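Student: Have a look at this one.
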């Protein structure tokens, strides 16, 4: 079955630094991978999508890479701010229209 | 648009009782997903619908769980009878499914269920 792994330990970084989160998957070759942000007590919110033929995608301070050989996506937040503190989830489509999520990584940015 | 609307936001019930969670998707979206989130297992897909038709319910844990989508603007997730291990946050999400689906999901705020 499809397995998506994210670092379950929280990532603590200082404001202004770059946060890097990892998403690894097995047993599948997705054409698309998505990243979501989830704040406590709220539903996940879509951030970015990257296609298998795109090595890198940027949106403001966010950057996502997608390495289909390593079966890995990296999610970067540059110049991080305390407001970036949240849980970040990666997700991929399995069987075309079934979106499966990783367990998420909690990011804490300290001032 | 008001987004995906779920109700109730919080539900506390006793073991054995029936629980019904409700969802109104975003108007115009043709896919609807029910997820369950716990600390231990993360966000698990329970069932999803395309054009009101259930496509995959392999994530529904047991026969105690059932979901319906009688029309494009309403869906329910029912648990009968409920058990303490069903305690979780249940999310509904909707999307616009295209031929080559890359659609982002829009989530509701969730229904937090506690079964005593």
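Residue numbers (the numbering used here), protein chains in the order written: chain Z, 1321 to 1431; chain Y, 12 to 127.
The C-beta atom is built at its ideal place from N, Cα and C for all residues, glycine as well.
Since the structure is predicted, the reported quantities are computational estimates derived from the model, not experimental observations.
(1) Whole angstroms is fine: what's the gap from residue 1402 of chain Z's alpha carbon to residue 127 of chain Y's?
(2) On a CA-only basis, which of Y:15, Y:40, Y:22 is nearest residue 63 of chain Y? Give me that one, please.
(3) Taking 8 Å as the threshold (C-beta atoms), are residue 88 of chain Y and residue 32 of chain Y in contact?
(4) Counting along the chain, where does the beta strand (DSSP E) carrying residue 80 of chain Y start and finish?
(5) With distances taken Cα to Cα, identify the nearest neighbour of residue 101 of chain Y among Y:114, Y:47, Y:107, Y:83.
(6) Tell me which residues share the same chain as residue 1392 of chain Z and place their Cβ nearer than 6 Å to its Cβ, disregarding the 5 neighbours each side in the sequence.
(7) Go to residue 1407 of chain Z, then tell me how far its beta strand (DSSP E) extends in each direction, as first and last residue.
(8) Within the chosen definition, does the region 1355 to 1362 of chain Z reach the region 1397 to 1411 of chain Z through at least 3 CB pairs nearer than 8 Å?
(9) Could you name the residues of chain Z that residue 115 of chain Y contacts, counting a contact when the two beta carbons are closer than 8 Å?
(10) So residue 82 of chain Y contacts chain Z; which residues on that side make the cut at Cβ distance below 8 Å?
(11) Report the three-state DSSP secondary structure of residue 104 of chain Y (helix, strand or coil).
(12) Whole angstroms is fine: what's the gap from residue 1377 of chain Z's alpha carbon to residue 34 of chain Y's?
(13) So is residue 1391 of chain Z in contact with chain Y if we call contact Cβ pairs under 8 Å?
(14) What are the boundary residues of the beta strand (DSSP E) that includes residue 61 of chain Y?
(15) Does residue 1399 of chain Z pass the burial test, meaning 16 or more other C-beta atoms within 10 Å, or should it be called exposed?
(16) If you measure from the beta carbon of residue 1412 of chain Z to each beta carbon in chain Y, is any gap under 8 Å?
(17) In this structure, how does DSSP classify residue 13 of chain Y when only helix, strand and coil are distinguished?
(18) Could you list which residues in chain Z have their beta carbon closer than 9 Å to that of residue 101 of chain Y, in chain order?
(19) Can you tell me the Cα-Cα spacing of residue 79 of chain Y and residue 1431 of chain Z, whole angstroms?
(20) For residue 61 of chain Y and chain Z, any beta-carbon pair shorter than 8 Å?
Tutor: Taking the definition as stated:
(1) Looking at the two C-alpha atoms, the distance is approximately 37 Å.
(2) With respect to the C-alpha of residue 63 of chain Y, the residue from Y:15, Y:40, Y:22 having the closest C-alpha is Y:40.
(3) Yes; because the gap between Cβ atoms is below 8 Å, this pair is in contact.
(4) Its beta strand (DSSP E) spans residues 76 to 82.
(5) Per the Cα distances, Y:47.
(6) Excluding positions up to five away in sequence, the list reads 1344.
(7) Run containing residue 1407 of chain Z: 1406 to 1414, per the beta strand (DSSP E) assignment.
(8) By the criterion of at least three beta-carbon pairs nearer than 8 Å, the region 1355 to 1362 of chain Z is in contact with the region 1397 to 1411 of chain Z.
(9) Going along chain Z in sequence order, the residues near residue 115 of chain Y (Cβ under 8 Å) are 1354, 1366, 1369.
(10) Near residue 82 of chain Y there are no residues of chain Z at all, since even the closest Cβ is about 20 Å away, more than 8 Å.
(11) In the structure shown, residue 104 of chain Y sits in a strand (DSSP, three-state: E or B).
(12) Rounded to whole angstroms, residue 1377 of chain Z to residue 34 of chain Y spans 33 Å at the Cα level.
(13) The C-beta of residue 1391 of chain Z comes no closer than 8 Å to any C-beta of chain Y.
(14) In the DSSP assignment, residue 61 of chain Y falls within the beta strand (DSSP E) that extends over 53 to 61.
(15) Its Cβ having fewer than 16 others within 10 Å, residue 1399 of chain Z is exposed.
(16) Not one beta carbon of chain Y lies nearer than 8 Å to the beta carbon of residue 1412 of chain Z.
(17) Coil.
(18) Simply none; closest approach about 11 Å.
(19) Straight-line Cα distance between these residues: approximately 47 Å.
(20) Chain Z contact via Cβ: present.
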